[in-house]
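One structure is given here, and the rest of the page talks about it.
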Amino acid sequence: MKTKKHRGSFMLRFMVFGFSVAVGLLAFWLLGYIVRDIDRVQGPNYSQMLEEGLPQELQDERQTLAAQLLDLKQQIASTERRRQLTGQTTRDSQQTINQLLELKRNADENATSLSDEQKLALTDSLQLFLANQSQTQTLNAELSNLNDQLDDVERQQRENEEAITRVSRPIADEYEELAEQHQWKLAAYKLALLIPLLLVCGWLFVRHAGGTYAMLVYALSGAVAARVLLVMHDHFPAIYFKYILILLSLAIATGVLVRLLRLIAKPSRDWLLRQYREAYAHFFCPICDYPIQRGPLKFAVWTRRSLKKRTPVTVDGDAATLDQPYTCPCCETTLFHACKKCGGVRHSLLPACEKCGAGSVLEQEAATGSQD
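Going letter by letter, the sequence shown gives residues 0 to 371 in numbering that gives the first Met the number 0.
Below you can see the structure in the form of structure tokens.
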């Protein structure tokens with residue numbers, strides 16, 4: 000008789016599941032560090048290629064124009080600050096002149112005259128106002144000249160950038176080609192590491208699926224497969240990755256479907272035992288799903304849905320008289336027969352007799368054959 004794998008308690012199964020998830024995450028994390036280390040392999044440097052491929056006079060002109068542009072912007076900012084300060088001084092002088100003129104007008108109305116200090120202040124204010132006006136005009140002219148120079152330098156800079164763009168276009172094309180080759184090289188390095196691991200995990204998955212270390216194999220296989228998919232997503236073009244993902248999903252779905260079809264055609268012992276156990280528990284034939292009408296349910300009619308609503312049937316008299324061998328009238332399968340060891344009626348499709356614990360004839364023959 001084949002020994003059934005012990006499931007363990009709920010807490011033990013929960014701990015196994017939790018640590019399996021932890022192992023999968025840690026493995027995924029470790030593979031991520033390795034992949035990032037591979038990404039550190041130096042690829043083509045666009046700045047270096049541009050510096051080596053551009054004519055030196057264009058590079059010197061670009062640097063010179065950039066320096067001139069920065070210097071002109073600083074001069075314009077300085078001149079603008081001086082102009083604002085001069086304008087503020089002019090406004091203050093004008094306010095002082097207005098106050099002194101108001102005093103002079105009041106003095107003329109009162110037939111008096113300004114004091115010598117007031118006359119001197121009025122004269123100084125007028126001279127300062129005129130000087131500030133002249134300086135403001137000079138600063139405006141200087142600011143206009145600087146803006147003209149700035150426009151000219153910006154025009155030269157645009158022409159220089161256009162010339163650099165024309166010259167650097169072949170360099171950019173070469174860089175894109177080298178960068179693409181570098182990405183394929185990184186993908187090859189990563190897949191050279193991950194594909195063997197994936198093959199080993201696939202072999203372990205086939206060998207240990209449903210075994211003692213199945214959860215460990217599932218966790219490691221899932222981590223490696225997820226990392227492989229991420230690498231392909233990062234390095235493969237979207238159109239290629241789309242087809243790879245679809246083909247991989249199709250292969251997985253086909254494999255699962257083939258496994259299910261094989262399970263239906265040649266079910267395993269545990270699968271059959273689960274099917275037989277559930278059918279017996281619900282009083283249905285495990286083979287054809289016809290109701291088992293024996294004992295108190297001999298003349299009853301039910302379905303799987305209505306069976307849950309039925310009340311338990313009380314048995315009057317000796318239960319042994321109701322416990323008789325039974326064969327399904329629909330598929331001719333023997334469902335209950337007399338045990339050869341104790342003589343009691345037992346389930347024909349279950350492994351052991353519920354009265355004496357003896358195994359079924361088929362299991363005893365299988366055990367004897369394995370010993371021979």
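For every residue, glycine included, the Cβ atom is placed at its ideal position computed from N, Cα and C.
Being a predicted model, the structure only gives us computed values, none of them experimental.
Partner residues in the beta bridge of T333, as assigned by DSSP, are T326. The beta-bridge partner set that DSSP reports for A250 is empty. Separation of H207 and A213 (C-alpha to C-alpha, rounded to the nearest whole angstrom) is 6 Å. In this chain, the alpha helix (DSSP H) harbouring H234 covers A213 to H234. Counting other Cβ atoms within 10 Å of its Cβ, K297 stays below 16 and is therefore classed as exposed. Each residue's CA atom was taken as its position, placing P54 and S143 some 34 Å apart. In this structure, DSSP gives F18 a helical state, which the three-state scheme calls helix.
Burial is judged here by how many other beta carbons sit within 10 angstroms of a residue's own beta carbon; F13 has fewer than 16 and is exposed. In its chain, beyond the 5 residues on either side, L219, S220 and V223 have a beta carbon closer than 6 Å to the beta carbon of C200. Inclusion of L71 and Q148 in the CB contact set at 8 Å is warranted, their separation being smaller than that value. For P266, the three-state secondary structure derived from DSSP is coil. P195 sits in a helix when the DSSP states are folded into three classes. As DSSP reads the structure, G358 sits in a beta bridge with A351.
For L53, no alpha helix (DSSP H) run applies, since DSSP gives it neither H nor E.
Here the alpha carbons of E158 and Q132 stand approximately 39 Å from one another.
8 Å or more divides the Cβ of P350 from the Cβ of G342. T85 is positioned such that its CB atom lies closer than 8 Å to that of T135. Residue state for F282 is assigned as coil, using DSSP reduced to three classes.
Taking C-beta separations shorter than 8 Å and ignoring five residues to either side along the sequence, the partners of S19 in its chain run M214, L215, Y217 and A218, following chain order. Collapsing the DSSP output to three states places R345 in a strand.
R226 sits away from V40, with the two beta carbons spaced by 8 Å or more. Residue burial is scored here from C-beta neighbours: P169 has fewer than 16 other C-beta atoms within 10 angstroms and is therefore classed as exposed. Under DSSP, P290 takes part in a beta bridge, and its partners are F283. Here DSSP, grouped into helix, strand and coil, assigns N139 to helix. If you check the CB distance, Y188 and I37 come in under 8 Å.
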